[in-house]
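Presented below is the structure to which this report refers.
2 protein chains.
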Amino acid sequence: MSEEELNLNCPFPINKYPTVQMAHGGGGRLMNQLLDELIIPVLGDEELERRHDGAVLDIPGDRIAYTTDSYVVDPLFFSGGNIGTLAVNGTVNDLAMCGAEPKFITTSFILEEGFPIKDLQKIINSIKEASEQAGVQIVSGDTKVVQQGRGDGIYINTSGVGHLEKNVSIGPEKLEPGDALIVSGDVGRHGMAVMADREGLEFETDICSDCAPLNEPVRKLLGAGIEVHFLRDLTRGGLASAANEAADQAGLGLEILEANIPVHPQVKSSCEILGFDPLYVASEGCMIIAVDETEAEEVVELLSQFSTCRRATRIGRVVKEHPGRVELTGVIGATRVLEMLSGEQLPRIC
Amino acid sequence: MSEEELNLNCPFPINKYPTVQMAHGGGGRLMNQLLDELIIPVLGDEELERRHDGAVLDIPGDRIAYTTDSYVVDPLFFSGGNIGTLAVNGTVNDLAMCGAEPKFITTSFILEEGFPIKDLQKIINSIKEASEQAGVQIVSGDTKVVQQGRGDGIYINTSGVGHLEKNVSIGPEKLEPGDALIVSGDVGRHGMAVMADREGLEFETDICSDCAPLNEPVRKLLGAGIEVHFLRDLTRGGLASAANEAADQAGLGLEILEANIPVHPQVKSSCEILGFDPLYVASEGCMIIAVDETEAEEVVELLSQFSTCRRATRIGRVVKEHPGRVELTGVIGATRVLEMLSGEQLPRIC
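Now the structure itself:
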């Protein structure tokens, strides 16, 4: 969109205040202008337009899934998305990992004084797009402003509420020895995309974040009658952390074949150069799934129908041996323990 | 609690890491330690202990209220509370303003590298206390860490879900000409308490924030069969902004008698010294209520039974004249328009 079109479409006086002012968070006229002219017209939900203290919502059934996450990704814009895309998809996916149908989202902004209004517009537009793609309504929000040097452009918190069918029960306590482990796609793409953009890597790379909603693939599995035992998206700490949390919480062992884990060649080579292990690098559109061994093939087939999951692969199994521990069999056949991430590999990836 | 007791009660190696490290937000071992040893044992909810992506919750009925707010108050600790108290009560009150019964809260922290772990402990303890007082469960959360100079100690986002009875419908669209306007207490105390602590005011002051949950008083009114038309807590922008939003959204006029508005004498004198108008200063435990004129007396009487509302007073009425405008009749009888807050009077008050 050209600058002129942007001005035509947005009555916010972008020329008067090209950057965020302290008063944009003050509860007064300028904050209302920001909401009325920039945020609400784009996000445009009926509930949001009510300008309430809280949204009043109808939700069928007596069971909900409920989650929250704050996003501090650096840089704000990266190959494949931005902090807004991430904030919506991250929360959508957390609900999907409960087996819930994501319904409602809240968005809350902590803006740094001086943040360009144009960047805010881009992020709000991405939030709108991502929420439409995932089929969720943005029903409530908040805006705060902090002084220059007390933030980093924009931090976003999203929370989400989803509808949960009575018979759905997914969690580490449902894991059983013999269960098959499947990943829905290649791992580590989000983390390496952010790293590449942050550090301005000197080698050629077009790694794109995998940031995407996973609620449709999950809905497909549940709709097909698959009895999903466990789901977790591979965000902070990557596959290694998700697997370790599962083993720890289930009190069972996990066995994974390294050769089966899909990794994009450019992710692999970037990781080698930087000394990272892709199994610890965050994805934002990839999950691990555990189902009974007999259903594994169908799961891979169902997932493969989605562009975001076309590299779905069976990578291992649950065992009753070595409870709490994840064992990784390497390409040449040697087995080692896949530890939980310790320390901080990649700060501010989400 | 002495320092020694603190160490005994909290197995978190406070001596090893007396301040927040980047790795506390990394999704790995150190983050899990922070959660396991500091946050979860204090907040201690069954859902939180599940360490899920999202909480799975039973909530009766098909109707919920849902809200979010981020808190960036400066200073973090002030007379009458801290950012933790504020974050819980603010969200509880937003739900109460819908006429809902607050049930579930999420808490999400953006920590600045170097933030003292002891301060974090104090804030977590306050969150626990405030949530117990309000009767809400903390069911999900998140922790992120940003580099020194990219935050300001701690920012907290809370979101909340409440249960809403079928027959409850409260909002500006329910306002009617002739409705009585009541405030539940004296206004502006929170803002001036924060200001006093921030600026180290040179005059003697023991103004204490009014930060408190309002869900019990609201429950009492609804339980007594009062048909509440409108409720709003007097946070950012104070009474003036809440009144203007009501008038604007209802398309009706409001008339307020300045002499009837309760203001603590120390709030009044501090405001005079600093050149503030208390009608624009935030409260965090005070609301405006509109009911049919015939129910006004009962409302004041019911509210007065609560220590937080013992100064409940009728301050004005809704009229069909001057739609969208709030008129204030001053102590000496002259009437002026009470404008919406423009600009930024008190930054980072909540």
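Which chain is which? The protein sequence lines are R and V, in order.
Letter by letter, the first sequence follows residues 1 to 350 of our numbering.
Letter by letter, the second sequence follows residues 351 to 700 of our numbering.
We treat Cβ as the ideally placed atom computed from N, Cα and C, and that holds for glycine.
By the Cβ criterion, the stretch 330-344 of chain R is not in contact with the stretch 183-193 of chain R, since fewer than three pairs of Cβ atoms, one from each stretch, lie closer than 8 Å. Separation of R:VAL319 and R:LEU175 (C-alpha to C-alpha, rounded to the nearest whole angstrom) is 10 Å. CA-CA distance, R:GLU113 to V:LYS468, rounds to 29 Å. Within the stretch 204-282 of chain R, the alpha helix (DSSP H) runs of at least 4 residues that lie entirely inside it are, in chain order, 215-223, 238-250, 265-274. DSSP, read as helix, strand or coil, puts V:VAL422 in coil. V:ILE557 is not a Cβ neighbour of V:VAL631, given a cutoff of 8 Å. For V:PHE580, the closest Cβ of chain R is not nearer than 8 Å. Any Cβ of chain R closer than 8 Å to the Cβ of V:CYS636 would place that residue at the interface, and such an atom is absent. For V:LEU678, there is no enclosing alpha helix (DSSP H); the enclosing beta strand (DSSP E) covers residues 676-679. Taking one beta carbon from each stretch, the stretch 652-662 of chain V and the stretch 558-578 of chain V have 3 or more pairs nearer than 8 Å; the two touch. R:GLN121 sits buried, since 16 or more C-beta atoms from the chains shown fall within 10 Å of its C-beta. Annotated three-state conformation of V:MET690 is coil, per DSSP. At least 8 Å separates the CB of R:THR85 from every CB of chain V. Between the alpha carbons of V:THR435 and V:SER509 lies a distance of about 14 Å. V:ALA530 is the residue among V:VAL496, V:SER429, V:ALA480, V:ALA530 whose C-alpha sits nearest the C-alpha of V:LEU581. Closest in C-alpha terms to V:THR663, from the list V:TYR367, V:PRO673, V:VAL533, V:ILE488, comes V:VAL533. With 16 or more other Cβ atoms inside 10 Å of its own Cβ, R:ARG150 counts as buried. As summarised for the stretch 31-107 of chain R, the continuous alpha helix (DSSP H) elements at least 4 residues long and confined to that stretch are 40-43, 46-49, 83-96, given in chain order.
Closer than 8 Å to the CB of R:THR67 there is at least one CB belonging to chain V. Under the 10 Å beta carbon count, V:ASP408 is surrounded by fewer than 16 other beta carbons and is classified as exposed.
If you check the CB distance, V:THR456 and R:TYR66 come in under 8 Å. Close CB contacts of V:GLY674 within its chain, under the 6 Å cut and outside five residues either way in sequence, are with ALA597, ASP598 (chain order).
In the DSSP assignment, R:SER307 falls outside any beta strand (DSSP E), carrying neither H nor E. Across the set R:GLY81, R:ASP142, R:GLY162, the C-alpha of R:ASP142 shows the shortest separation from the C-alpha of R:GLY26. At a cut-off of 8 Å, the C-beta of R:PRO116 has no neighbouring C-beta in chain V. The criterion of a C-beta distance shorter than 8 Å is satisfied by V:ASN507 and R:SER70. Exposure of V:PRO410 is indicated by the presence of fewer than 16 other C-beta atoms within 10 angstroms of its C-beta.
Any Cβ of chain R closer than 8 Å to the Cβ of V:ASP408 would place that residue at the interface, and such an atom is present.
GLU595, GLN599: these are the residues of the stretch 594-622 of chain V whose beta carbon lies less than 8 Å from some beta carbon of chain R, given in chain order. Contact annotation: the stretch 76-85 of chain R does not touch the stretch 512-524 of chain V, with fewer than three C-beta pairs closer than 8 Å. Boundaries of the alpha helix (DSSP H) harbouring V:GLN483: 467-484, taken from the DSSP string. Rounded to whole angstroms, V:LEU380 and V:TYR367 show a C-alpha spacing of 10 Å. In the DSSP assignment, R:ARG348 falls outside any alpha helix (DSSP H) and carries neither an H nor an E.
Here V:THR369 has GLY464, PHE465, PRO466, ILE467 as same chain residues with Cβ atoms under 7 Å from its own Cβ, once five neighbours each way along the sequence are excluded.
According to the DSSP secondary-structure assignment, V:HIS513 is paired through a beta bridge with V:ILE414, V:GLU451.
Residues of the same chain with a CB within less than 6 Å of the CB of V:GLY635, apart from the 5 flanking positions on each side, are ASP560, CYS561, ALA562, THR658 in chain order.
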